[in-house]
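A quick write-up on the structure given underneath.
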Amino acid sequence: MDLSDPSTICDLNSKYIQCADFGFRQGVSVLDLGFGISTLAYLPTSWVNLPLGQLDIGDAILLYPNFWHDVSSVSLSGLRITGYPQSNDYSNFWDVSNNGPINLDMDGPSFDFPERLFTSNLGTLRVTTSYVGYNYYFPSDLSSNSRLYTVIAAFRTNQWPPANRFPELRIFMLFDSTVPSTILTIDDFDLYPKLTAITFSTGISNAMKNPVQPFPLSILRAQKLNSLEMDHNYITSNQILHFNQTNIDIIIKSTSLFENLNYPMITGTNIRSLTINSDDLTFSKLDLFQLNAKVITFGKNFYGNKNNFNAPLPIGNYSTFSSITIKDSNINGQVPSQTCQIRDGILNLALNPINSLPSCYLCETISKASYFSGLIGGLPQPSCPGIIVELEAEPAIPTSGGTITIKGMDLGWKLYMENSTLEFPGQSILLGNEKFGLIRSNGTGVENPVVIKFHAQDYSSDQFNYQINYKYLPPNIQVATIQSIDNQLQLNGSNFGSVPSVVVLKIANGIVIPSTVDHLQIVVPNIQSIIPKFIDTIFSIDLNVNGQNDYFIFDNLESDPIFIPPYPKFTQHGGIVEFYGKHLTFDYSIVEFQVGSKLCNLLNINSTFIQCELPEDLEIGYIEMKLTIANYTFIDYITVFNNTVDGDSSSSSSIEPCVPVPNGYCDGGILKCNPPWQGKNCSSTTVVIPPDGNNPGSPNQGGNHTTELPNGEEVEFSKLISIVNLNELNLSGEIIRQYNFSQWNLTVISTNPFQYQYSTDIQSSNITKTTITVTIEYFETSKSIEFVYNKFIEFPANSLKYSIEMSEYKFLQKTNTLQLIMSASITQSNSDGQSCSAKEFGEISGTEFQYIKLQVNNLSLQGRFITYALIDKQLRTVSNVLLDENQNQTLSVQSQAYIGINIPFYYKYCLLDPDFSVLLDLDSPASSQVNSYCDEKSNEKDKLTKAQLAGIIVGSVVIFSAIVIGTVGIIYKKYKNSKELANFKQKLEKINK
Numbered sequence: 001m002d003l004s005d006p007s008t009i010c011d012l013n014s015k016y017i018q019c020a021d022f023g024f025r026q027g028v029s030v031l032d033l034g035f036g037i038s039t040l041a042y043l044p045t046s047w048v049n050l051p052l053g054q055l056d057i058g059d060a061i062l063l064y065p066n067f068w069h070d071v072s073s074v075s076l077s078g079l080r081i082t083g084y085p086q087s088n089d090y091s092n093f094w095d096v097s098n099n100g101p102i103n104l105d106m107d108g109p110s111f112d113f114p115e116r117l118f119t120s121n122l123g124t125l126r127v128t129t130s131y132v133g134y135n136y137y138f139p140s141d142l143s144s145n146s147r148l149y150t151v152i153a154a155f156r157t158n159q160w161p162p163a164n165r166f167p168e169l170r171i172f173m174l175f176d177s178t179v180p181s182t183i184l185t186i187d188d189f190d191l192y193p194k195l196t197a198i199t200f201s202t203g204i205s206n207a208m209k210n211p212v213q214p215f216p217l218s219i220l221r222a223q224k225l226n227s228l229e230m231d232h233n234y235i236t237s238n239q240i241l242h243f244n245q246t247n248i249d250i251i252i253k254s255t256s257l258f259e260n261l262n263y264p265m266i267t268g269t270n271i272r273s274l275t276i277n278s279d280d281l282t283f284s285k286l287d288l289f290q291l292n293a294k295v296i297t298f299g300k301n302f303y304g305n306k307n308n309f310n311a312p313l314p315i316g317n318y319s320t321f322s323s324i325t326i327k328d329s330n331i332n333g334q335v336p337s338q339t340c341q342i343r344d345g346i347l348n349l350a351l352n353p354i355n356s357l358p359s360c361y362l363c364e365t366i367s368k369a370s371y372f373s374g375l376i377g378g379l380p381q382p383s384c385p386g387i388i389v390e391l392e393a394e395p396a397i398p399t400s401g402g403t404i405t406i407k408g409m410d411l412g413w414k415l416y417m418e419n420s421t422l423e424f425p426g427q428s429i430l431l432g433n434e435k436f437g438l439i440r441s442n443g444t445g446v447e448n449p450v451v452i453k454f455h456a457q458d459y460s461s462d463q464f465n466y467q468i469n470y471k472y473l474p475p476n477i478q479v480a481t482i483q484s485i486d487n488q489l490q491l492n493g494s495n496f497g498s499v500p501s502v503v504v505l506k507i508a509n510g511i512v513i514p515s516t517v518d519h520l521q522i523v524v525p526n527i528q529s530i531i532p533k534f535i536d537t538i539f540s541i542d543l544n545v546n547g548q549n550d551y552f553i554f555d556n557l558e559s560d561p562i563f564i565p566p567y568p569k570f571t572q573h574g575g576i577v578e579f580y581g582k583h584l585t586f587d588y589s590i591v592e593f594q595v596g597s598k599l600c601n602l603l604n605i606n607s608t609f610i611q612c613e614l615p616e617d618l619e620i621g622y623i624e625m626k627l628t629i630a631n632y633t634f635i636d637y638i639t640v641f642n643n644t645v646d647g648d649s650s651s652s653s654s655i656e657p658c659v660p661v662p663n664g665y666c667d668g669g670i671l672k673c674n675p676p677w678q679g680k681n682c683s684s685t686t687v688v689i690p691p692d693g694n695n696p697g698s699p700n701q702g703g704n705h706t707t708e709l710p711n712g713e714e715v716e717f718s719k720l721i722s723i724v725n726l727n728e729l730n731l732s733g734e735i736i737r738q739y740n741f742s743q744w745n746l747t748v749i750s751t752n753p754f755q756y757q758y759s760t761d762i763q764s765s766n767i768t769k770t771t772i773t774v775t776i777e778y779f780e781t782s783k784s785i786e787f788v789y790n791k792f793i794e795f796p797a798n799s800l801k802y803s804i805e806m807s808e809y810k811f812l813q814k815t816n817t818l819q820l821i822m823s824a825s826i827t828q829s830n831s832d833g834q835s836c837s838a839k840e841f842g843e844i845s846g847t848e849f850q851y852i853k854l855q856v857n858n859l860s861l862q863g864r865f866i867t868y869a870l871i872d873k874q875l876r877t878v879s880n881v882l883l884d885e886n887q888n889q890t891l892s893v894q895s896q897a898y899i900g901i902n903i904p905f906y907y908k909y910c911l912l913d914p915d916f917s918v919l920l921d922l923d924s925p926a927s928s929q930v931n932s933y934c935d936e937k938s939n940e941k942d943k944l945t946k947a948q949l950a951g952i953i954v955g956s957v958v959i960f961s962a963i964v965i966g967t968v969g970i971i972y973k974k975y976k977n978s979k980e981l982a983n984f985k986q987k988l989e990k991i992n993k
């Protein structure tokens, strides 16, 4: 028969050659030669062209010369030889594995196996025999190591190479085909470094052999062994087998094996499963609880003979078992309640005559009916009245996920979905029937409900549903690190979650957006825009993960925080103070500054500076101040004054001795006038001038007035009080910014008594608007008004009071000041040309006032300027300057002045309080003043006598957090208009433009 055409080998000769695709190669992969053929067939040489994976050779095939040479040249994955194929040349047979590795399967060889077969690329060797007359031998040693990883061998002799020649061997199956047994003379199984599975078998024909060798104890020492299978009588008497391998599966098939073992027969360290098929097991020979096996199965022996325990299950710890199956073995009596703790709840006692069950199994008599089919009296309907579920109030797990523990009694062995028979995912049983672990995936938050169900297969859908409310552990920052190269802040810890949308992170009480959120790390980028400096700094980190917080202080300060003297001075009335120091912080949230018992409200802080505002009613004297930054505390002592921080302003004035006068008296060294007298020597009275309510566009007070002199002569005069502008000055007194007031808003608070309020705004920075508010009041009678902090000011009758407030102003530098300019003037006409004017500026002896006196003849305009102001709640001394003090009078009928009120640096507000008075002086007319200016005629005329009354015009200006500038002009003239008066009015208009 011609089989030379490769294309027809499979299709045309299927009677002799069988082809199949076993998945080794694409196309034809397995070639079966000579199987099921009644007559010999010749193998064509063209077979080598087939894309073979495995080659199977049977008896009914004639192999051509050099066949084995061709086999050795082809890359095969497997070669199976059954019988003894007809061949004229076996010289190259043992080279077939050179192109391997291949699997060699031989049945019934009649030749010895050479060493080179074991040291070739061969991976699996399977040698069996169904031919009793064939004999073969394995080598007793090898010159080099074998690559075999699986050996399945039927031994004819006990000859075998030593274990150390098989470094890759994992599976070793030994079949004893001799009588008597020989294979158990091998006892070096612990020397196979990778051996994991051993099988001993004698075959059915040798089932009744008596043991001739002891059990090879080297098996017990093979630490990587995880599978052992043995049958029949391979154990001699007086042995106890202890397996200390981890997770080993043991199968023993025996007819009368255990009559040769001593109690407790078999013990273990961690046996995964133990299966014994025998007929001679009893609890008097075997101790269940020393097996340490998870799964136990006891069954009938090879011949179908069963065990006869004739006893109940022993009482003991069943919690280590996952499953126990002992069928039809005459287990009787009461099943112990401890068996409820079997982890998987598998206690299969089918066909055993037991008479009672514990409550845990009575809860599931439907689903476990097959386990207790021998129960005397039959199984009742399921009933579970004793179920107890114990849950923590609110179990907590990590945000990366964790296990919730559920405890109780009669819980069964599985958890189910709510109202369902579907098993709940992620469950584990920790103690059968009593304790479960429920795995929950990653998450965050404190309110996470889940509903579970018990005994779902035995009860309706709405029974035994239980809700568990669990939470995730709060975040815990353990380490914070600044990566200066990457400008990153890294937070390392636990329970941060993995969802950025539920994370709120604050640094120094400011919210930042992290770039990375992981359960163990958070990364914040671009921290250079958040943290001013990376060294010698301290700040807070406040982390909220879905409602749960952790607070952490980043601290790499080089030393403890301190203040550096000198310290600022302030009064009991509080106000804004500044301290300088080292190792401070930019983080407001971790700073607290206390003076005595009062907290200072922080306004501005950094690593070297703290500015804050103290409340009123501070303790007076030498008191403690305490700075707290996180866990650091700095304590020192300062002096709190009871009035102005710069001392008593009156102390700087020269106090002249008090001399009594006709219309006054001395009180505490200060001259005081009897009403209605006023002036330096109490020789003047007030001229009544009603307020000007006809100027809605500015807080000016002016107008023309008429009054009568003591000699009966009537005179006309005009006055003008105005606010000119506001200047910011540098240390050199130079004007660096100037504000002119163009638009005022009027609010009429009251017309009787007269009280008008004006306000205007200036822009002191791009974001700061400063509001100036001027309140004008008129007093018909004398009145005492509290300025601040029990300081009272006496206002004479028929006087005007200016109150000026200024809100926050942004200075260009802290060393700068403000100067508010006021102007005042008085003018009197004289038809005969006889007139003098004078101007005087100084301090009022023994008081806290400076004064300005503008005089024309016997009429004088006097203004008082208080020498302290309320600056940011602190009483501070201020200075008032006469801006034109070196200028001579230029008109004999007019006296005018510009007064600058200097306001020191402040933050929030300031309050000032000057006032003005016009007096008719009897003793010292203008002509008697050193700096008077007179026309020529007046030098020849007699001066007014002391008996003449003085006309007084009083204007009072109070500034509250603002600047008040008043210009008072009083024009004194006779009824007859003169050309000089017209000229003066023109000059006055030019001045006020």
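In full-length UniProt numbering, the protein residues as written are 1 to 993.
Glycine is no exception: its CB is placed at the ideal position from the N, C-alpha and C atoms.
Can you check DSSP and say which residues form a bridge with residue i?
{"i": "L347", "result": "I324"}
{"i": "K471", "result": "A396"}
{"i": "K719", "result": "G703, I826"}
{"i": "residue 1058", "result": "Nothing about residue 1058 can be read from this structure; the chain reaches only from 1 to 993."}
{"i": "C910", "result": "M806, I871"}
{"i": "S227", "result": "A197, D249"}
{"i": "K435", "result": "K407, L431"}
{"i": "I276", "result": "I252, F298"}
Near residue i, which residues of its chain fall below 8 angstroms by C-beta distance, leaving aside the five closest residues on each side in sequence?
{"i": "I248", "result": "L225, N226, S227, L228, G268, N270, I271, R272"}
{"i": "F113", "result": "V127, Y136, Y137, F138, P139"}
{"i": "Q159", "result": "Y137, F138, P139, S140"}
{"i": "A480", "result": "L489, Q490, L491, N492, I541, F552, F554"}
{"i": "S698", "result": "S722, I723, F741, W744, Y758"}
Since residue i contacts residue j with CB under 8 angstroms, what's their CB separation in whole angstroms?
{"i": "G304", "j": "G345", "result": "At roughly 29 angstroms, the Cβ-Cβ gap does not stay under 8 angstroms, so G304 and G345 are not in contact."}
{"i": "P568", "j": "G581", "result": "Actually they are not in contact, since the Cβ atoms of P568 and G581 sit about 13 angstroms apart, beyond 8 angstroms."}
{"i": "G669", "j": "C682", "result": "Not a contact, Cβ separation roughly 16 angstroms."}
{"i": "T399", "j": "H519", "result": "5 angstroms"}
{"i": "T421", "j": "Q457", "result": "6 angstroms"}
{"i": "P514", "j": "I522", "result": "5 angstroms"}
{"i": "Y909", "j": "D872", "result": "7 angstroms"}
Quick one: grab the DSSP three-state call for residue i.
{"i": "V212", "result": "Its pLDDT being 46, under 50, V212 is placed unreliably in this model, and the coordinates cannot settle the point."}
{"i": "N730", "result": "coil"}
{"i": "C384", "result": "coil"}
{"i": "S803", "result": "strand"}
{"i": "Y303", "result": "coil"}
{"i": "C363", "result": "coil"}
{"i": "D107", "result": "strand"}
{"i": "R876", "result": "strand"}
{"i": "R221", "result": "helix"}
{"i": "P500", "result": "helix"}
Quick one: what's got a C-beta closer than 6 angstroms to residue i's C-beta in the same chain, skipping five residues either side?
{"i": "A163", "result": "D188, L191, Y192"}
{"i": "P532", "result": "F586"}
{"i": "I610", "result": "F579"}
{"i": "D328", "result": "K306, L351"}
{"i": "K435", "result": "K407"}
Review point. In chain order, which continuous runs of the beta strand (DSSP E) of length 3 or greater are located wholly inside the segment 732-786?
Key: 735-740, 745-751, 754-763, 769-779, 783-786
Check your understanding: Which residue spans inside the segment 600-687 form an unbroken beta strand (DSSP E) run of at least 3?
Key -> 601-606, 609-614, 621-629, 632-641, 664-667, 670-673
Review point. Taking the runs of the beta strand (DSSP E) that are 3 residues or longer, which of them lie wholly in the segment 522-604?
Key: 538-545, 548-555, 575-582, 591-595
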